[in-house]
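In this note's numbering, the protein residues as written are 81 to 474. Working notes, beginning with the structure itself.
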């Protein structure tokens, strides 16, 4: 059997895993995926942590210690998540060293409840960078309107960034310009910009999910013929923008000082419609200097039967633009789609984070009742009641 993931890597696509849990770390599964599935990076998000921590026994010892200390839920959440991310960073350290800092990266996201607040996002990013304290970390910042200046300010501090929840071409261009501005400011601040890394997470499958729903509602033959085509076309045009932005005198001046291009990262690559090829958001988005972060099911599908056909983005731009033009012609409002997807993306992460807060709060209260001696009192100001975003920043 040919190793399609290795072929993907040889085409210049970095294979990252879109998942993390302490069980995966304890069992050595992440090391196995690095060794046998060409994985060179890991991404996380609030939903991934909610799934990993809620109801899992592998976090019990740390939760018990946190309960004994009377730790509030905000601090407890960051203690739990940064522990896993720090461990994953250490596991991936050899890949970071071998790639000169390009790969071997692990992402952790700022509190999703502050996605629309610039200054608090920057403060949270700085706190997470300090908490994890690993050079191969990426701080995830959503590409909301408030997130754009936060990206530039965080990079200006010398902090590596994964920009997440990008759906539109217009917003993607703003993200790349924020990266360039951030590097310019970092250089002025005396940082070695050759050590700063960034990826821009352009979401894929959710675009098809929403647009297909609208095409089905329209119901014409022309509309039905466009099902499953929008997401890859959108991503292919994003790569065209990437080639455009990272050229010219402004970028070349930074590159001469050691700066690296902010790679496009294809996110949300798990196929939602079972009638589609389960590798379509991987094999159709092959191009040099990109990242594809996959849930494990997609990773295994590509390994098992993915057909890597070389660079599948080169030469695609005219056809991709025609797809977007045809969508407009049948009545699909692209701007409304990407606006809705961004709003839903932030909301989904906030819901997952709040569910995790509720779950961890319950565990802290339960374990606190078990471990606190009769008559003992919690330290002043402690306890699981505080779940404000401020409690996650130091």
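We treat Cβ as the ideally placed atom computed from N, Cα and C, and that holds for glycine.
For residue 261, the enclosing alpha helix (DSSP H) begins and ends at 249-268. In its chain, beyond the 5 residues on either side, 167 have a beta carbon closer than 6 Å to the beta carbon of residue 105. Assignment of beta strand (DSSP E) within the region 303-364, counting only whole runs of 3 or more residues, yields 343-347 in chain order.
In the three-state reduction of the DSSP assignment, residue 92 falls in the coil class, being assigned neither a helical nor a strand state.
Shortest Cα-Cα distance from residue 280 to any of 321, 225, 234, 343 involves 343. Taking each of 193, 289, 93 in turn and checking the Cα distance to residue 355, the smallest one comes out for 289.
No residue range can be given for residue 375, since it is assigned to no beta strand (DSSP E) and is classified by DSSP as neither H nor E. Look at the beta carbons and you see the region 86-98 touching the region 112-127: at least three pairs across the two are nearer than 8 Å. Distance from residue 230 to residue 273 at the Cβ level is roughly 18 Å; contact not present, criterion being Cβ atoms closer than 8 Å. When secondary structure is reduced to three states using DSSP, residue 274 falls in the helix class. Taking C-beta separations shorter than 7 Å and ignoring five residues to either side along the sequence, the partners of residue 414 in its chain run 404, 407, 408, following chain order. Uninterrupted beta strand (DSSP E) stretches at least 3 residues long and entirely within the region 113-151 occur at 119-122, given in chain order. Membership of residue 187 in the beta strand (DSSP E) is indicated by the continuous run 185-189. As far as DSSP is concerned, residue 110 takes part in no beta bridge. A distance below 8 Å separates the beta carbons of residue 220 and residue 244.
In the DSSP assignment, residue 161 falls outside any beta strand (DSSP E) and lies within the alpha helix (DSSP H) extending over 153-171. Boundaries of the beta strand (DSSP E) harbouring residue 221: 217-222, taken from the DSSP string. By the C-beta criterion, the region 440-450 is judged to be in contact with the region 139-159, since at least 3 inter-stretch pairs fall below 8 Å. For residue 100, the secondary structure class from DSSP, reduced to helix, strand or coil, is coil. By the neighbour-count criterion, in which 16 or more other beta carbons inside 10 Å mark a residue as buried, residue 387 falls on the exposed side.
Of all alpha-carbon atoms in 345, 253, 304, the one lying nearest the alpha-carbon of residue 321 is that of 253. Of the residues assessed, residue 298 falls on the exposed side of the cut-off, its CB having fewer than 16 other CB atoms within 10 angstroms. Comparing alpha-carbon positions, the option among 209, 213, 247 lying closest to residue 234 turns out to be 209. Linking residue 438 to residue 132 through their CA atoms gives a straight-line distance of about 14 Å. When the alpha-carbon of residue 266 is set against those of 291, 140, 239, 398, the nearest one is in 239. Within the same chain, and ignoring the five residues on either side of residue 284 in sequence, the residues whose Cβ sits closer than 6 Å to its Cβ are 311, 315, 346, 348, 349, 361. Look at residue 85 here: in three-state DSSP terms it is helix. The region 190-199 makes no contact with the region 166-182, as fewer than three CB pairs between them are under 8 Å. Residue 222 and residue 191 have their C-alpha atoms roughly 10 Å apart. Straight-line measurement puts the Cα of residue 391 at about 19 Å from the Cα of residue 358. In this structure, 257 is the residue among 257, 419, 159 with its C-alpha nearest to the C-alpha of residue 328. When only Cα atoms are considered, residue 163 and residue 396 end up about 42 Å apart. Separation of the CB atoms of residue 264 and residue 334 is rounded to 7 Å, and the pair is thereby assigned contact status at 8 Å. Rounded to whole angstroms, the separation of the alpha carbons of residue 124 and residue 185 is 11 Å. In the DSSP assignment, residue 245 falls within the unbroken beta strand (DSSP E) covering 241-246. The bridge partners DSSP lists for residue 281 are 345.
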